[in-house]
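Undergrad: Under this note's numbering, the letters of the sequence shown match residues 1369 to 1624, in that order.
Ideal Cβ placement from N, Cα and C applies to all residues, glycine included.
This structure is a prediction, so every number in the text was calculated from the model and none was measured.
Got a structure for you, written out below as structure tokens; questions coming shortly.
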Amino acid sequence: MNALHGFLFSSHIVVGTLALILFWIPIVARKGGINHIKFGRFYGWTMYTVAATGALMAILVLYDPLQIKGHLMNAGTDPEKFSATIRIFWGFLLFLSLITYVSVRQGFAVLLHKQNTQALRTFWHISPLVLTAIGGAIILTLGIMHSRILHIVFGLLGISLATGMLRYCLNKTPNPNQWLLEHFGGMIGSGIGAYTAFIAFGGRQLFAQAGSLQLIFWIAPGVIGSIAIFYLSRKYQPKAANNANAKLSSSPDNKT
1369 MNALHGFLFS SHIVVGTLAL ILFWIPIVAR KGGINHIKFG RFYGWTMYTV AATGALMAIL
1429 VLYDPLQIKG HLMNAGTDPE KFSATIRIFW GFLLFLSLIT YVSVRQGFAV LLHKQNTQAL
1489 RTFWHISPLV LTAIGGAIIL TLGIMHSRIL HIVFGLLGIS LATGMLRYCL NKTPNPNQWL
1549 LEHFGGMIGS GIGAYTAFIA FGGRQLFAQA GSLQLIFWIA PGVIGSIAIF YLSRKYQPKA
1609 ANNANAKLSS SPDNKT
């Protein structure tokens, strides 16, 4: 089990580092251009791999925390309390893997189907979104019970992301440009998960000297990403509304 976890960890780090770099290329590339499409596709596949390896690692730790992480336990520490603490942390990382997966998948699905939301209303597409909302509620509850600010923030974020995606999927008549906003939200949401996991897991040693201030670095990707989604929504939503109004005004019923 330790060997499998070690292999998954190494794969996760290598592919995750690549994903953190690839994330920015579609962001700065011309939207709809060759580089945007090509590197966006590369980013998507790396993030699917990151989500899969992260989830498998988390499941192994949740199954047997003492076997995988027992070497971190100090002498005299209660094994049950140690296991509970490890499970709370790795449960959070499992939830981040889920957020990453559903965000990337939603981002690509709306790009493929655009306004055809009927294609999204399937069991296999909807059920992970429902699971994300439920997972967000669980993470939020754990955060409140154990005074974990990170869990509270991302529990709320997960619920918000999942309900927003579900709202789009269940909307039979979305605005003409709404799929584009949903695409932005999905891909940026995956970046939030990736950078938060890096800082909370891989960057713990880097930010350890910051003490309690390291919480700011943990929350920063979520805050910055949410602001970016809000900005893009404000920027492109008027276009969606204008397109809808133009379509309405050009309909035969409105012509004299």
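Roughly how many whole angstroms lie between the Cα atoms of Lys-1615 and Gly-1532?
TA: Residue mapping note: residue 1615 aligns to position 247 of the sequence shown, counting from 1. Residue mapping note: residue 1532 aligns to position 164 of the sequence shown, counting from 1. The predicted position of Lys-1615 is uncertain, since its pLDDT is 45 and thus under 50; no value can be drawn from it.
Undergrad: Can you grab the Cα-Cα spacing for the pair Thr-1635 / Ser-1515, in whole Å?
TA: The structure shown does not extend to residue 1635, since the chain spans only 1369 to 1624, so no value can be given for it.
Undergrad: I think Thr-1500 touches Leu-1529, with their Cβ atoms under 8 Å apart; what is that distance to the nearest whole Å?
TA: The residue you call residue 1500 lines up with position 132 of the sequence shown. The residue you call residue 1529 lines up with position 161 of the sequence shown. That belief holds up - the Cβ atoms of Thr-1500 and Leu-1529 are roughly 7 Å apart, short of 8 Å.
Undergrad: Please report the Cβ distance between Arg-1489 and Leu-1538, rounded to the nearest whole angstrom; I am assuming they are in contact, meaning their Cβ atoms lie under 8 Å.
TA: Against the sequence shown, residue 1489 aligns to sequence position 121. Against the sequence shown, residue 1538 aligns to sequence position 170. For Arg-1489 against Leu-1538, the beta-carbon gap comes to about 7 Å, under 8 Å, which counts as contact.
Undergrad: Can you confirm whether the region 1471-1481 touches the region 1420-1433 when touching is taken to mean that 3 or more C-beta pairs between the two stretches lie within less than 8 Å?
TA: no
Undergrad: If you pair each beta-carbon of the region 1546-1562 with each one of the region 1477-1494, do three or more pairs fall below 8 Å?
TA: yes
Undergrad: Do you know how far the Cα of His-1404 is from the Cα of Met-1513?
TA: Taking the sequence shown and counting its residues from 1, the one referred to as residue 1513 is at position 145. Taking the sequence shown and counting its residues from 1, the one referred to as residue 1404 is at position 36. As the crow flies, the alpha-carbon of Met-1513 is around 43 Å from that of His-1404.
Undergrad: What are the uninterrupted segments assigned as beta strand (DSSP E) that are 3 or more residues long and contained completely in the region 1424-1487, given in chain order?
TA: none
Undergrad: Taking contact to mean at least 3 C-beta pairs separated by less than 8 Å, is the region 1444-1461 in contact with the region 1411-1421?
TA: In this structure the region 1444-1461 does not lie against the region 1411-1421, because fewer than three pairs of beta carbons, one per stretch, are closer than 8 Å.
Undergrad: Assign Ile-1436 to buried or exposed, taking buried as 16 or more other Cβ atoms, counted over all protein chains shown, within 10 Å of its Cβ.
TA: Translated into the one-based positions of the sequence shown, residue 1436 becomes position 68. When all chains shown are included, Ile-1436 counts as buried.
Undergrad: Would you mind giving the Cβ-Cβ distance between Pro-1544 and Thr-1485, rounded to the nearest angstrom? I have them listed as a contact below 8 Å.
TA: Taking the first residue of the sequence shown as position 1, residue 1544 is located at position 176. Taking the first residue of the sequence shown as position 1, residue 1485 is located at position 117. About 12 Å separates the two Cβ atoms, so there is no contact after all.
Undergrad: Out of Gln-1483, Ala-1397, Ser-1601, Ala-1588, point me to the one whose CA is closest to Gly-1559's CA.
TA: The sequence position of residue 1559 within the sequence shown is 191, counting from 1. Considering only alpha carbons, the answer is Ala-1588.
Undergrad: Please classify Gly-1503 as buried or exposed, where buried requires at least 16 other C-beta atoms within 10 Å of its C-beta.
TA: Counted from its first residue, the sequence shown places residue 1503 at position 135. The residue in question, Gly-1503, is buried, as its Cβ has 16 or more Cβ neighbours within 10 Å.
Undergrad: Taking C-alpha atoms, which residue in Phe-1463, Ile-1592, Thr-1564, His-1380 lies nearest to Val-1498?
TA: If you number the sequence shown from 1, residue 1498 lands on position 130. Among Phe-1463, Ile-1592, Thr-1564, His-1380, the Cα nearest to that of Val-1498 belongs to Phe-1463.
Undergrad: What does a CB cutoff of less than 8 Å around Val-1429 pick up in its chain, not counting 5 residues either side in sequence?
TA: As a working mapping, residue 1429 is identified with position 61 in the sequence shown. Answer for Val-1429: His-1373, Ile-1436, Lys-1437, Ile-1454, Arg-1455, Trp-1458, listed in chain order.
Undergrad: Could you check where the alpha helix (DSSP H) with Ala-1387 kicks off and where it finishes?
TA: In the sequence shown, the residue the question calls residue 1387 occupies position 19. For Ala-1387, the enclosing alpha helix (DSSP H) begins and ends at 1370-1390.
Undergrad: Taking only three categories from DSSP, how would you classify Arg-1409?
TA: Taking the first residue of the sequence shown as position 1, residue 1409 is located at position 41. Here Arg-1409 sits in helix by DSSP.
Undergrad: Measuring CA to CA, which of Leu-1440, Trp-1492, Trp-1547 is closest to Gln-1483?
TA: Your numbering for residue 1483 matches position 115 in the sequence shown. The residue with the shortest Cα to Cα distance from Gln-1483 is Trp-1547.
Undergrad: Express the C-alpha separation of Tyr-1416 and Gly-1408 in angstroms, rounding to a whole number.
TA: As a position in the sequence shown, residue 1408 is number 40, starting the count at 1. As a position in the sequence shown, residue 1416 is number 48, starting the count at 1. When rounded, the distance between both Cα atoms is 12 Å.
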